[in-house]
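>
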Amino acid sequence: MSKFKKSEAYIDGQWVGGSSGKSFAVTNPANAEHLADVADTTGDDARAAIAAAKAAFKPWAAKTAKQRCDILRKWNDLILANVDQLGALLSTEQGKPLAEAKGEIVYGASYIEWFAEEARRAYGDIIPEARPNTKIVVLKQPVGVVAAITPWNFPNAMIARKVAPALAAGLAARA
Numbered sequence: 042m043s044k045f046k047k048s049e050a051y052i053d054g055q056w057v058g059g060s061s062g063k064s065f066a067v068t069n070p071a072n073a074e075h076l077a078d079v080a081d082t083t084g085d086d087a088r089a090a091i092a093a094a095k096a097a098f099k100p101w102a103a104k105t106a107k108q109r110c111d112i113l114r115k116w117n118d119l120i121l122a123n124v125d126q127l128g129a130l131l132s133t134e135q136g137k138p139l140a141e142a143k144g145e146i147v148y149g150a151s152y153i154e155w156f157a158e159e160a161r162r163a164y165g166d167i168i169p170e171a172r173p174n175t176k177i178v179v180l181k182q183p184v185g186v187v188a189a190i191t192p193w194n195f196p197n198a199m200i201a202r203k204v205a206p207a208l209a210a211g212l213a214a215r216a
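Note that the numbering used here gives residue 132 to position 91 of the sequence shown, counting from 1, and the numbers run on in steps of one.
Laid out in C-alpha cells, this is it:
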C-alpha cells in the first residue's frame, strides 16, 4: 500500500509540499490511527496547478482521439491491476468497509474505461436550419482547462467521473 500513499500535492508533474509550509493530519476514522501528515495547500497552490494545466492544454488537445483513448485505457488498466492496494488505502482513509472501497475503485475505473471509448466518438454534427438551403455545422474541440471539486464520500469514483470526460475531450484537467 505504501507505494500509493503520498503526503504531497501533485502539481505540474511533481509531488510538492504546499506553499503554506504546513501540513495536517489524516487519521483512520474507524480507529483514530494517524495515517499521514499531508500538505496543506493554499490558493497559490491552486493557481500553480491552473497555470500548469494551461501549459499542458495545447499539447494534450493536439493528441488524437485514439491517443487520448489509449492513455485513458492505460489508466483504467493500472487501476484494475491495483484494486486491492487502492481499495485498502481508500478503506483506511475513508473508514469504508474494504469491500465497498474496492467496489468504488472498480466503479471509478468504469468511468475511465467508458470515457476512453467516448474519446473516439467526438464527432461533430450537421443540424438542419430553419432557413432554406442552410445547415449548422457543429465542431467538437477542446477549449481549455477544467477544475474539479469532489465530495469526500466517493473521492475515487467522483474524480474519475469528472476528470475522465475532460481528458477524453482533450481538455487539460487538474484536480
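Even for Gly, the Cβ is constructed at its ideal location relative to N, Cα and C.
Are the CB atoms of A157 and A209 within a distance shorter than 8 Å?
Taking 8 Å as the Cβ cut-off, A209 and A157 qualify as a contacting pair.
> Quick check: what's the CA-CA separation for E49 versus V178?
Rounded to whole angstroms, E49 to V178 spans 45 Å at the Cα level.
> What is the DSSP secondary structure of I168, reduced to helix, strand or coil?
The answer is strand: DSSP assigns I168 an E or B state.
> Assuming A213 and F98 are in contact, meaning their beta carbons sit under 8 Å apart, how far apart are those beta carbons, in whole angstroms?
Yes, they are in contact, since the Cβ atoms of A213 and F98 sit about 4 Å apart, within 8 Å.
> Note down, one range per segment and in chain order, each alpha helix (DSSP H) of at least 4 residues found wholly within the region 57-128.
Fully enclosed alpha helix (DSSP H) runs of 4 or longer: 84-102 and 106-122.
> Please report the distance separating the alpha-carbon of M42 from that of G58.
Any reading at M42 must be qualified, since the residue scores a pLDDT of 49, below 50, and its modelled position is unreliable; the value itself is stated next. Cα-Cα distance, rounded: 21 Å.
> Taking the alpha helix (DSSP H) that A50 belongs to, which residues open and close that run?
Unbroken run through A50 is the beta strand (DSSP E), A50 to I52; no alpha helix (DSSP H).
> Excluding the 5 residues flanking K176 on each side, which residues of the same chain have their C-beta closer than 8 Å to its C-beta?
Answer for K176: I167, I168, P169 and E170, listed in chain order.
> Taking L76 as the reference, give the member of Q108, G185, A92 and L131 with the closest Cα.
Closest by alpha carbon: L131.
> What's the C-alpha gap between R109 and T191?
C-alpha separation (whole angstroms): 23 Å.
> Would A80 pass as a contact of Y152 if the rule is Cβ separation under 8 Å?
Result no, Cβ atoms of A80 and Y152 do not sit closer than 8 Å.
> Kindly indicate which residue of I52, Q135 and L113 has the alpha-carbon position closest to the one of A207.
Residue L113 is the option with its Cα nearest to A207.
> Cα separation between S60 and A87?
Each residue's alpha carbon lies about 10 Å from the other.
> Can the beta-carbon of A94 be found less than 8 Å from the beta-carbon of V184?
Not in contact: A94 and V184 (Cβ atoms no closer than 8 Å).
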